[in-house]
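Note that our numbering has the sequence shown beginning at 11, numbered continuously upward. Reading through the structure tokens given below for one structure.
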Amino acid sequence: GPPPPPPPPGAGGGGGWGGWGGGGDTDYDDSFRNDSFQLSPASGEVWPNSEVEITATFTPSTATEIACVAFCDIAGKQNRFPVHLQGTGIGAKIVLSYNVIDIGEVFINSVSEYEVEIHNQGEIPAHYSLLPNDSLFGSKFQFDPAEGMLGVGQKETGKVLFSSDVLGEFNEDFEWALQGSTKPLRISFRGKVIGPTFHLDEQVLDYKRVSVAFLNTRHFHLFNTADIPFRFHMRVPGDGTLLKREFEVVPSSGTILPHGKQKIQVDFIPLTTREYNLQLVMDVEGVGEQMASVQIKAQSIVPEVTVSTYELDFGECFLRYRYKKVIELVNHSDLPAKFELQPQDEISRCVASYDVDYAKGTIEPFLSRTITVSFTTERLEKVQLPMWFKIIGHEDTPLEIQCIANGIGPRLVLNPPAVKWGDIDVLKSSERTLKVTNDSLIQADIQTLVMKRGSRFKVNVPGLSLGPGEVANLKLEAFLDDTQPFKDDLVLVVTEGGQVKVPLIAKGTGTTVWTDQFDLSTQPRVDIGLQFSSRSCKRTFTIRNRGPKSQTLTWYNGTAQEAAYRAKQLAEGKKKKQPGEQEEKLPLGDTFRVLVNGSAEPYLLEPDATATVDILGFCKKPGVVTEKLCCRSKMDKENRVIIEMHVTAEFVEPAVEFSVPSLSFLYDYDPAKALADVEGSTQQVTVTSACALPLQCNIRSTGLPFTVEPSDVDLAPGASRVLDVHFDPAYKGTKQSEEVQQQLNVLFNMGPSIEPRNEKAPAGFHPKKGAVDLAGQINYPNLKIDRTELKFGAVLNDTTRRIKVRCTNTSTIDASFCWSFVVTDPDRKQRPSSSGTSVQSGRVDPPQPINAVFDILPTRSFLAPGESEDVEFVFYGHANHKYKAVAQCEVQGGPEYSVKLEGEASSIQYKFDRTLLDVGNVLYDKFAEDELVLHNTGKVRFDWQARTADVSRPTIVTCVPPSGVVQPGEKVKVVVQFLPGMPTQVSAAFTVHVAHFDPQSVVVSGKGIFPHVAIDLPRLDPASYARFLSAAQQELGFFGGGMDTARTEGMPSATTRTIATDYDQARLTTAGGGAGYSGGP
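As structure tokens, then:
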């Protein structure tokens, strides 16, 4: 409402509140204070006849009844008046969607989840918190959230998780404390925790009859019918431990998933013979032991096994060699059996040892097992040794087998049994081979020795070892110093095999002339090696007389002597040529000769004296040359050839190889560089010696533009040297492109001893040489102009003629060129021509400047490589003048090209031989021909054309040819064909047009006739005939014109048809003919 009126002056009062909270005794207090009640305003003024509104606010902190007294203190009054305040606090109001949840049966260790909705139905926010529950099953619950705050009307869904590892029933209460309320919120859970459910698909595992030590397997399945996994353990109570275990469960433990299936395998290996009646039990982890069981039944036995033989006789056995025999173990039972060989003791191994391929194994039911027994003896005597096989399960009664053998040592076979040298050369070692074979299966150790002391015989090895079946070749050496027989014995001592003797016999022969380089008694082959052809070679060696007598030695070429003898036989006719036999080519034997101490004469060689022998050789051609050189010895009365040696030398020509077979050089003109700065190029080629002898090479080029450095090179066999080949493209000084072909020659210096001095090679050089092809490509901008002379001939006065010349860039360089005129008079020069080109001009008595007579288009141009262009030369014909000039094409960086020009101007002059043609009488429907001759009496060619289209029908005139060209001084014949078309005198004119002159009229005349007869009978002229005559005239196209119709009376119809048909054909062959005629009577 409106504010109270102000108090009158001097009026008014003030006051304030005071009191006790909770309804206690009143006591004076300056202001009112209480946790649950508040008064506002707490003090103020009240005007007369007005009032003040005081607001009391109740804010309870707990859900209970609260009361207090407030006192109002008024100024000026002694007593305060009390105001009683009272209120009841209402707490939070929360409800749950469920107060009791019956879980029912749950599996142990399974996780169950439940939802509970919390709703704040009060008018104030509510804070809640879960109170702890430490009971056995209460600790298995989890609440999410455990505490929280809900606004007014707010809802929240909480989750409850339950998982128990304890079996049993439960009924648990849980409470939430509500802030501001003394009554908690409660919910109850009840239910039962049960164990997992499962079953086994087998109750009994019956193995029936089984063999001891064999694996037997059975299977069954474990099914988990629960909703939770569980862990299981399988075991067989009463089974052994470690190595004595007979049962193995796979898997023995594990976890099976909800509603899962697990395959269980039970492996059984019996160790003894007995009856089995056991239980396989299953423990469930966390639930209990022996929750399920499976019965196990079995009976184990040992099968009956025998051996095929109880004695193995190996016969004679080489020491320490393994022999093998076969035995069989037979199983007479329907179950498999296991066997095992008992190990041999170490003491018996000193006498002999045995082994088998299968020391243990299995024998299938009613079958046998083949076993290979390996036996080795260690002594040279008879040996008997037992071995035992035990059957698993009957270890106390093993199967015994006796092994018997007779030990022997190695045996040798000698070939030959006696070694005989026969006659051998003295002063020279001679070897023979004794083949020793170890004819046994064991190694043989042999010692060798010669019986006599100082024997002339030696054996190459003091001892040797031969493997089984191995063959050794003993080298026996005999070195005789006299020509008498010698004998001795070779003794072979075999370890554990006795001794063997071999007789040795030899006798000495030969000569005592000796050299340390060759074996002179065996026709030695002397290889002088590689030598250059056309140059002398030499081989030197020393001989010595090691005998007691002097000898006179004479050397000669045996090949030359044999050739001379055979040539003599052929010359004397002693050797007749057989039919078809080719002529035999005899060796010349002129390559090698011998000098003794520098002389070719016989030489006396004293005892123990020496002499120098030189073998000289020379051959012009390459190849391998072999000749026989012989030495004849004269000693007392004995004269015989003591030495025959075959001397061989390979004569080769010097040869080199180049890294490339040819070198190609290329020079391309560069417009950016001046021609004076033309630089050559250099390429390298590697020359390699392809000769096995050192080479001295002189290298030169056959001509310019090529030079080479270095010019002298020494090459060892296989060595290489790099050569620099220089190329000078400006060696000629011209600008023409060209290809240059030369060669790089390698000459071989053989020194002053080269023979002979071949005219093909300079002095001292070998005739053979090496070469490399040199090719140089020099590219300047060059053109090809297809014509070097242009004759325009005679043209009509004051006209022009144009001739095109094809210019082609034949080079690989871009060509820029320009045209100009060249004259012999340097003082006469022309400025730019009509085409804008600067030229120099000249003429033979020209009436006009040269650029007013000739022109070139274009005067400047550019052509890429291979590109072509037509250059147009223009001649301007000044009246009645003749001109000559030279056009020069200047190519930038290239040569200059000239084209001669010649032309003249004149008028056209011509004449006809006649202008009136008379063909006489001619059938009016047939063509007649005549000739008209047109002469060109001038110097200018001209065109002409005959026009006959203006000739009126039915007359027809044609010209063959109808047009053409007449060259200067020539004439043309024109055949004029004339068809009268009417049987009367006919004249027709046509025109001939020559060049630009007025047409020339030519008149052709002739008389058309036709065949006719005269009849002297009286003429009848009936009216009916006149009608037919008129029709015939219309068909024939005759309409008067002077034709004598009376002469056609009585004409046969066939004649009329023939005339009409020929006329029609003539009209069809002529342009502009009349209507055709179809014929008819």
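Glycine included, every Cβ here is placed at the ideal spot set by N, Cα and C. All values derive from a computational prediction rather than experimental measurement.
For His-656 and Lys-559, the gap between their C-alpha atoms comes out near 27 Å. Residue burial annotation: Val-943 is exposed, with fewer than 16 other C-beta atoms found within 10 angstroms of its C-beta. In the DSSP assignment, Glu-258 falls within the unbroken beta strand (DSSP E) covering 257-260. Fewer than three pairs of CB atoms, one per stretch, sit closer than 8 Å, so the stretch 111-128 makes no contact with the stretch 244-260. Phe-376 and His-342 have their C-alpha atoms spaced approximately 5 Å apart. Note on the stretch 76-136: whole beta strand (DSSP E) runs with a minimum of 3 residues are 91-98, 104-106, 110-117, 122-130, in chain order.
Counting along the chain, the unbroken beta strand (DSSP E) around Arg-549 starts and ends at 547-555.
Under the DSSP assignment, Arg-421 falls outside any alpha helix (DSSP H); it carries neither an H nor an E label. Taking the C-beta atoms as reference points, Leu-253 is found no nearer than 7 Å to Leu-232. For Ala-1041, the secondary structure class from DSSP, reduced to helix, strand or coil, is helix. Note that the stretch 299-316 does not touch the stretch 262-271; fewer than 3 beta-carbon pairs, one per stretch, sit closer than 8 Å.
Residue state for Lys-370 is assigned as strand, using DSSP reduced to three classes.
When rounded, the separation of the alpha-carbon atoms in Cys-828 and Pro-868 is 8 Å.
Under the three-state reduction of DSSP, Thr-316 is assigned to strand.
The residues Arg-421, Val-423, in chain order, have a CB closer than 6 Å to that of Asp-449 in the same chain once the five nearest residues on each side in sequence are set aside.
Where Arg-332 is concerned, there is no enclosing beta strand (DSSP E), because DSSP gives it neither an H nor an E. Bounds of the beta strand (DSSP E) holding Gly-54 are 53-56.
Per DSSP, reduced to three states, the secondary structure at Ile-64 is coil, with no helix or strand assignment. Residue nearest to Lys-778 within the set Ala-959, Val-110, Arg-545, Gln-300 is Arg-545 (criterion: CA-CA distance).
A Cβ-Cβ distance of about 6 Å is found for the pair Val-909 and Ile-795, placing them in contact under the 8 Å criterion.
Looking at Val-723, Ala-726, Leu-754, Gly-728, the one whose alpha-carbon comes closest to that of Phe-737 is Leu-754. Taken in chain order, the whole beta strand (DSSP E) runs of length 3 or more contained in the stretch 970-1011 are 973-976, 981-989, 995-1004. Take Met-645, set aside five residues on each side of it, and the residues of its chain with a beta-carbon closer than 6 Å to its own are Lys-559, Gln-561, in chain order. Looking at Val-688, Leu-926, Arg-379, the one whose alpha-carbon comes closest to that of Ser-1011 is Leu-926. Using a C-beta cut-off of 8 Å, the stretch 380-389 makes no contact with the stretch 440-448, since fewer than three inter-stretch Cβ pairs fall below that distance.
With a contact defined as Cβ atoms closer than 8 Å, Leu-500 and Val-469 qualify at about 6 Å. Within the DSSP secondary-structure output, Gly-264 pairs in a beta bridge with Phe-242. The three-state reading of DSSP puts Ser-730 in strand, counting E and B together.
Boundaries of the alpha helix (DSSP H) around Gly-568: 568-582. Scanning Val-110, Gln-96, Glu-941, Phe-883 for the CA closest to the CA of Thr-968 turns up Glu-941. Between the C-alpha atoms of Asp-144 and Arg-196 there is a straight-line separation of about 16 Å. For Asn-890, there is no enclosing beta strand (DSSP E), as DSSP marks it with neither H nor E.
Excluding its 5 nearest sequence neighbours in each direction, Lys-631 has C-beta neighbours in its own chain below 8 Å: Ser-543, Phe-661, listed in chain order.
DSSP places Asn-708 in the uninterrupted beta strand (DSSP E) bounded by 705-711. The shortest CA-to-CA distance from Tyr-920 to any of Val-1004, Phe-775, Lys-892 is the one to Val-1004. Sorting Asn-890, Ile-652, Cys-701, Gly-633 by C-alpha distance to the C-alpha of Ala-665 places Cys-701 at the top.
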